[in-house]
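Please read the structure below before turning to the comments.
Residue numbers (our numbering): 64 to 154.
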């Protein structure tokens, strides 16, 4: 019996899926602040938090934020296309 290896190369696609929703977050990037909005299901909620944070601090410098938008994706398997290698020759 000769050993043989079979490789199966399968194409996949990845796409946004609405069932997971999108989350929005804002992070104050002022040195030593570390304040963050936490995850929200509405973009306006994260933006409102940033506006309140800037007004609440009463100081300059808390006016730059990192925004993060997180979505969910689904991977779908495509058709299989088997590829076989040649058998190893016997001595």
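Note that CB positions come from ideal geometry on N, CA and C, so glycine has one too. No experiment lies behind these values; they were computed from the predicted model shown.
* Which residues in the same chain have their Cβ closer than 7 Å to the Cβ of residue 92, if we skip the five residues on either side of it in sequence? -> Walking along the chain shown from the start, residue 92 turns up at place 29. 127, 128 and 129, listed in sequence order.
* First and last residue of the beta strand (DSSP E) that includes residue 134? -> To locate residue 134, count along the chain shown from 1; it is residue 71. Segment 128 to 134, the beta strand (DSSP E) holding residue 134.
* **Inter-residue Cα distance where the pair is residue 101 and residue 67** => For the purposes of this step, residue 101 is taken as the residue at position 38 of the chain shown. For the purposes of this step, residue 67 is taken as the residue at position 4 of the chain shown. Rounded to whole angstroms, residue 101 to residue 67 spans 53 Å at the Cα level.
* With which residues is residue 115 paired in a DSSP beta bridge? -> Numbered from its first residue, the chain shown carries residue 115 at position 52. Answer is none; residue 115 lacks a bridge partner.
* Asked: Under 8 Å, do residue 137 and residue 80 count as touching if we go by C-beta distance?
  -> Residue numbering aside, residue 137 sits at position 74 when the chain shown is read from its first letter. Residue numbering aside, residue 80 sits at position 17 when the chain shown is read from its first letter. It is a contact, given that the beta carbons lie within the stated cut-off.
* **Cross-strand partners of residue 139 (DSSP beta bridge)** => Position 76 of the chain shown holds residue 139. DSSP output for residue 139 lists 76 as bridge partner(s).
* To do: Quickly, what does DSSP pair residue 93 with across the bridge? List them, please.
  => The count along the chain shown starts at 1 and reaches residue 93 at position 30. According to DSSP, residue 93 bridges with nothing at all.
* Asked: Is it the case that the Cβ atoms of residue 99 and residue 88 are separated by a distance below 8 Å?
  -> Working through the chain shown from its first residue, we reach residue 99 at position 36. Working through the chain shown from its first residue, we reach residue 88 at position 25. Result yes, Cβ atoms of residue 99 and residue 88 sit closer than 8 Å.
* Asked: Just checking my contact of residue 141 with residue 73 at CB under 8 Å: how many whole Å lie between their CB atoms?
  -> As a working mapping, residue 141 is identified with position 78 in the chain shown. As a working mapping, residue 73 is identified with position 10 in the chain shown. Sure, about 6 Å apart at Cβ, within 8 Å.
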